[in-house]
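Quick note, the numbering used here runs 9 ahead of the 1-based positions in the sequence shown.
Glycine included, C-beta positions come from ideal geometry on N, C-alpha and C.
These numbers were taken from a predicted model, which means no experiment stands behind them.
The next block holds one structure in the form of structure tokens; read it before the comments.
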Amino acid sequence: MQLRHNDDNSFSLERFESMLKTNNVLFFDAEEFEEIIQHYLDNGKIALAKKAAKLGLAQHPTCTSLKLYRIEMYIFENKLDIADGMLDELYSIESSNEEILIQKANVLSRRDMHEKAIELLKQALAITDDQIDVLSLIGMEYLFLEDFENAKTHFMRCLEDDNQDYSSLYNVIYCFDFLEQHAKAIDYLNNFLNSNPYSEVGWHQVGKQYYTLKEYKKALAAYDFAIISDDTFVGAYLEKGKVLEKLKRYNEAIECYTISLELDDPTSFALLRIGKCHEKLGNDEFAIQFYNKCIEEDSLLDKGWIAITDYYTRKKNYQKALYYINKAVNIDSENVLYWKRYGTINRNLNLFEEAEHGFRRTIELGNYEIDSWTNRSDILIHLGEYEAAINNLYQASEFYPDAAEVEMRLAGLHYLIGEDSKGLFHLNNGLRNDHEYSIIIEELFPSVFQKLAVQKIIQDYEKTSR
10 MQLRHNDDNS
20 FSLERFESML
30 KTNNVLFFDA
40 EEFEEIIQHY
50 LDNGKIALAK
60 KAAKLGLAQH
70 PTCTSLKLYR
80 IEMYIFENKL
90 DIADGMLDEL
100 YSIESSNEEI
110 LIQKANVLSR
120 RDMHEKAIEL
130 LKQALAITDD
140 QIDVLSLIGM
150 EYLFLEDFEN
160 AKTHFMRCLE
170 DDNQDYSSLY
180 NVIYCFDFLE
190 QHAKAIDYLN
200 NFLNSNPYSE
210 VGWHQVGKQY
220 YTLKEYKKAL
230 AAYDFAIISD
240 DTFVGAYLEK
250 GKVLEKLKRY
260 NEAIECYTIS
270 LELDDPTSFA
280 LLRIGKCHEK
290 LGNDEFAIQF
300 YNKCIEEDSL
310 LDKGWIAITD
320 YYTRKKNYQK
330 ALYYINKAVN
340 IDSENVLYWK
350 RYGTINRNLN
360 LFEEAEHGFR
370 RTIELGNYEI
380 DSWTNRSDIL
390 IHLGEYEAAI
400 NNLYQASEFY
410 PDAAEVEMRL
420 AGLHYLIGED
430 SKGLFHLNNG
440 LRNDHEYSII
450 IEELFPSVFQ
460 KLAVQKIIQD
470 YEKTSR
């Protein structure tokens, strides 16, 4: 609630703050305190709101509304026991006060007691004059419980009372999305649009559903209607651009993204997509220009660094690719996508120790894709670190126990270090899983492949598999 200056029913904020500076104690009625507290809460000035509540209760110790403000602040500070005690006192006096029920539900929700919170909110719903707020709170509690059907129902009821309640609309669609009910979401949105034909948000959401279903032409039409409804709606231009990319209409996509940049502050997403479109069109100079603008706009956006690194990698300009991936790693050393590229690029530059470090970091950061393990082992083999390569592959086999590419490498390594019985064991495993991976022995371990015993085993498996 904003304070209204020169209004007989409102308190002067300047006068209140002057009182705080001079320590003079002045009297205010309870409603004036409520307005001041709300003003501070709306502006995020919690300390001043607490001070106003404290002064208000000192002058009006029995005022329920001021106590409820104080309780709200206790809940915000996670002082739930204090809030709960105050609420119990109030509830014993005013059990039919909806705000008390709502705050009690808030405490229960903070304690993850969502079913009990819903029970209290339903009691509040039966007596409140403002059903939308309570319905929304019930919907949120059902979301916490991941009961998306009930959540959806309550948010729909909010929209029945107020078709401009876009927060509830987004929540309804979130529920449809989670339940993967995209066709039902479209039906619901179409009904919504029948009574709100110029709702840009409604059309925008229809477009997103069609996009998910890969019905790109229908999605495009929906975004066009969103733009007709509001030609300054940035989100519609961005989503339309994505659809146009899917339809390979890259020049039109660039136009949409460019309009979004003109309507609002530049976004790294739009700059990145423009760069991608130019690359698809073969406009390399423009692609690089926009990739650079993207990382200048948001140096923490990994997609920007990855786009420019991958561009130079595809061009086999590995020195440039290394330059950008080094910058990316220096900004975020915990990004597994950066380290995997770091490993690949250094391997292409024959910088094997750096490449091994890159793949090791990739694995340490939780990327357990099989090629991370095999790339690292191949580099360790090249460096002559056979024991490290074996240990690496045994770790990989815990995740991929039947992977022929792992077994063949273990076979070659064990033969290489003179452990023929272990080599034979893994060679048989690998051939049994997929004999075509025997080419790994030939390429990575030529001296092992030349062993007559090894060749005979491979040939026998090839004969039996024909």
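Original post:
Can you tell me the Cα-Cα spacing of residue 482 and residue 192, whole angstroms?
Top reply: The shown model of the chain, from 10 to 475, leaves out residue 482, and the question about it has no answer.
Original post:
What number of angstroms, rounded off, separates the C-alpha of residue 336 from the C-alpha of residue 174?
Top reply: Residue numbering aside, residue 336 sits at position 327 when the sequence shown is read from its first letter. Residue numbering aside, residue 174 sits at position 165 when the sequence shown is read from its first letter. Residue 336 and residue 174 have their C-alpha atoms some 44 Å from each other.
**OP:** State buried or exposed for residue 421, treating a residue as buried only when at least 16 other CB atoms are found within 10 Å of its CB.
**Re:** For the purposes of this step, residue 421 is taken as residue 412 along the sequence shown, with counting starting at 1. Buried.
**OP:** Would you identify the three-state DSSP class for residue 244, choosing helix, strand or coil?
**Re:** In the sequence shown, residue 244 corresponds to position 235, counting from 1. Reduced to three states, the DSSP call for residue 244 is helix.
**OP:** Express the C-alpha separation of residue 74 and residue 16 in angstroms, rounding to a whole number.
**Re:** Within the sequence shown, residue 16 is the residue found at index 7, counting from 1. Within the sequence shown, residue 74 is the residue found at index 65, counting from 1. Low per-residue confidence applies at residue 16: pLDDT is 49, beneath 50, and the placement is therefore not dependable enough to give any value.
Original post:
In or out: residue 151 buried (at least 16 other Cβ within 10 Å) or exposed?
Top reply: Mapped onto the sequence shown, residue 151 falls at position 142. Buried, because 16 or more other Cβ atoms sit within 10 Å of the Cβ of residue 151.
**OP:** For the alpha helix (DSSP H) containing residue 455, list its first residue and its last residue.
**Re:** Position 446 of the sequence shown, counting from 1, holds the residue named residue 455. It spans 455–458 - the alpha helix (DSSP H) in which residue 455 sits, taken as one unbroken run.
Subject >> Burial state of residue 177 (16 or more Cβ within 10 Å) >> reply: Numbered from 1 along the sequence shown, position 168 holds the residue referred to as residue 177. Counting Cβ neighbours within 10 Å, residue 177 comes out buried, since at least 16 surround it.
Original post:
Any idea what DSSP makes of residue 324, helix, strand or coil?
Top reply: In the sequence shown, the residue the question calls residue 324 occupies position 315. Correct three-state label for residue 324: coil.
Subject >> Candidates 385, 261, 342, of which the one nearest residue 362 by Cα >> reply: Working through the sequence shown from its first residue, we reach residue 362 at position 353. Checking every option, the nearest Cα to that of residue 362 belongs to 385.
Subject >> Helix, strand or coil at residue 11 according to DSSP, with G and I counted as helix >> reply: Here residue 11 refers to the residue found at position 2 of the sequence shown. Low confidence applies here, because residue 11 scores a pLDDT of 40, under 50, leaving its location unreliable; read the following figure in that light. Secondary structure of residue 11 (DSSP, three-state): coil.
Subject >> 6 Å CB neighbourhood of residue 254 in its chain, flanking five on each side removed >> reply: If you number the sequence shown from 1, residue 254 lands on position 245. Listed in chain order, the non-local C-beta contacts of residue 254 below 6 Å within the same chain comprise 262, local neighbours out to five positions each way being set aside.
**OP:** Just tell me which of 320, 52, 60, 233 has its CA closest to the CA of residue 25.
**Re:** Counted from its first residue, the sequence shown places residue 25 at position 16. Of the candidates 320, 52, 60, 233, the one whose C-alpha sits nearest the C-alpha of residue 25 is 60.
**OP:** Would you please verify whether the beta carbon of residue 266 is less than 8 Å from any beta carbon of chain B?
**Re:** In the displayed structure, chain B is absent; only one protein chain is listed.
Subject >> Where residue 120 falls: helix, strand or coil (DSSP) >> reply: Position 111 of the sequence shown holds residue 120. Note: residue 120 maps to coil in three-state DSSP.
Original post:
Do the stretch 454–466 and the stretch 394–408 make contact, defined as three or more Cβ pairs closer than 8 Å?
Top reply: Contact fails: fewer than three Cβ-Cβ distances are below 8 Å.
Original post:
Given that a residue counts as buried once 16 or more other Cβ atoms are within 10 Å of its Cβ, and exposed if not, what is residue 415?
Top reply: Taking the sequence shown and counting its residues from 1, the one referred to as residue 415 is at position 406. Counting the other Cβ atoms within 10 Å of the Cβ of residue 415 gives 16 or more, which makes it buried.
Original post:
residue 381 and residue 372: beta carbons closer than 8 Å?
Top reply: Mapped onto the sequence shown, residue 381 falls at position 372. Mapped onto the sequence shown, residue 372 falls at position 363. Contact check for residue 381 against residue 372 passes: the beta carbons are separated by less than 8 Å.
Subject >> Residues of its chain near residue 108, where Cβ-Cβ distance is below 7 Å and the 5 sequence neighbours each way are ignored >> reply: Translated into positions along the sequence shown, residue 108 becomes position 99. For residue 108, where only same-chain residues beyond five positions count, the Cβ hits under 7 Å are 77.
Original post:
Is it buried or exposed for residue 438, if we count other Cβ within 10 angstroms and need 16 for buried?
Top reply: Along the sequence shown, one-based indexing puts residue 438 at 429. With 16 or more Cβ atoms within 10 Å of its Cβ, residue 438 is classed as buried.
**OP:** Quick one: give me the first and last residue of the alpha helix (DSSP H) that residue 376 is part of.
**Re:** Your numbering for residue 376 matches position 367 in the sequence shown. That residue, residue 376, is in no alpha helix (DSSP H); it is neither H nor E in DSSP.
Original post:
Residue range of the alpha helix (DSSP H) that residue 48 falls in?
Top reply: Taking the first residue of the sequence shown as 1, we reach residue 48 at position 39. Taken as a continuous stretch (DSSP letters only), the alpha helix (DSSP H) holding residue 48 covers 39–51.
Original post:
Helix, strand or coil: which one does DSSP assign to residue 138?
Top reply: Here residue 138 refers to the residue found at position 129 when the sequence shown is read from its first residue. In the three-state scheme derived from DSSP, where H, G and I count as helix and E and B as strand, residue 138 is classed as coil.
**OP:** Measure the alpha-carbon distance for residue 224 versus residue 295 and round it to whole angstroms.
**Re:** Looking up residue 224 in the sequence shown gives position 215. Looking up residue 295 in the sequence shown gives position 286. If you take the alpha carbons of residue 224 and residue 295, they lie about 30 Å apart.
Subject >> Where the alpha helix (DSSP H) containing residue 162 begins and where it ends >> reply: Numbered from 1 along the sequence shown, position 153 holds the residue referred to as residue 162. Residues 157–170.
**OP:** Evaluate residue 238 with the Cβ neighbour count: other Cβ atoms within 10 Å of its Cβ, from every protein chain shown; 16 or more gives buried, anything less gives exposed.
**Re:** Here residue 238 corresponds to residue number 229 of the sequence shown, with the count starting at 1. Counting Cβ neighbours within 10 Å, residue 238 comes out buried, since at least 16 surround it.
Subject >> Rounded straight-line distance, which links the Cα of residue 156 to that of residue 332 >> reply: Along the sequence shown, read from residue 1 onward, the residue named residue 332 stands at position 323. Along the sequence shown, read from residue 1 onward, the residue named residue 156 stands at position 147. The alpha-carbon atoms of residue 332 and residue 156 are separated by roughly 49 Å.
**OP:** Alpha carbon to alpha carbon, how far is residue 430 from residue 461? Give it in angstroms, no decimals.
**Re:** Residue numbering aside, residue 461 sits at position 452 when the sequence shown is read from its first letter. Residue numbering aside, residue 430 sits at position 421 when the sequence shown is read from its first letter. Here the alpha carbons of residue 430 and residue 461 stand approximately 15 Å from one another.
Subject >> Alpha-carbon to alpha-carbon, residue 347 and residue 330 >> reply: Residue numbering aside, residue 330 sits at position 321 when the sequence shown is read from its first letter. Residue numbering aside, residue 347 sits at position 338 when the sequence shown is read from its first letter. Answer to the nearest angstrom: the Cα atoms are 11 Å apart.
Subject >> Assigned secondary structure, residue 404 (DSSP; H/G/I helix, E/B strand, else coil) >> reply: For the purposes of this step, residue 404 is taken as residue 395 along the sequence shown, with counting starting at 1. Under the three-state reduction of DSSP output, residue 404 falls in the helix class.
**OP:** Please work out which residues of its chain come closer than 6 Å, Cβ to Cβ, to residue 227, disregarding the five sequence neighbours upstream and downstream, and give them in chain order.
**Re:** Counted from its first residue, the sequence shown places residue 227 at position 218. Excluding positions up to five away in sequence, the list reads 219.
**OP:** Using the Cα positions of residue 351 and residue 368, report the straight-line distance between them to the nearest angstrom.
**Re:** Here residue 351 refers to the residue found at position 342 of the sequence shown. Here residue 368 refers to the residue found at position 359 of the sequence shown. Straight-line Cα distance between these residues: approximately 8 Å.
Original post:
Distance, Cα to Cα, residue 392 vs residue 298?
Top reply: Position 383 of the sequence shown, counted from the start, is the residue given in the question as residue 392. Position 289 of the sequence shown, counted from the start, is the residue given in the question as residue 298. Whole-angstrom Cα-Cα distance: 39 Å.
**OP:** With DSSP collapsed to three states, give me the class of residue 25.
**Re:** Here residue 25 refers to the residue found at position 16 when the sequence shown is read from its first residue. The answer is helix: DSSP assigns residue 25 an H, G or I state.
Original post:
Around the C-beta of residue 34, are 16 or more other C-beta atoms found within 10 angstroms, so that it is buried, or is it exposed?
Top reply: Walking along the sequence shown from the start, residue 34 turns up at place 25. The residue is exposed, with fewer than 16 neighbouring Cβ atoms inside 10 Å.
Original post:
residue 68: which of 55, 325, 94, 36 sits nearest, CA to CA?
Top reply: Here residue 68 refers to the residue found at position 59 when the sequence shown is read from its first residue. Ranked by how close their Cα comes to the Cα of residue 68, the residues 55, 325, 94, 36 have 36 in first place.
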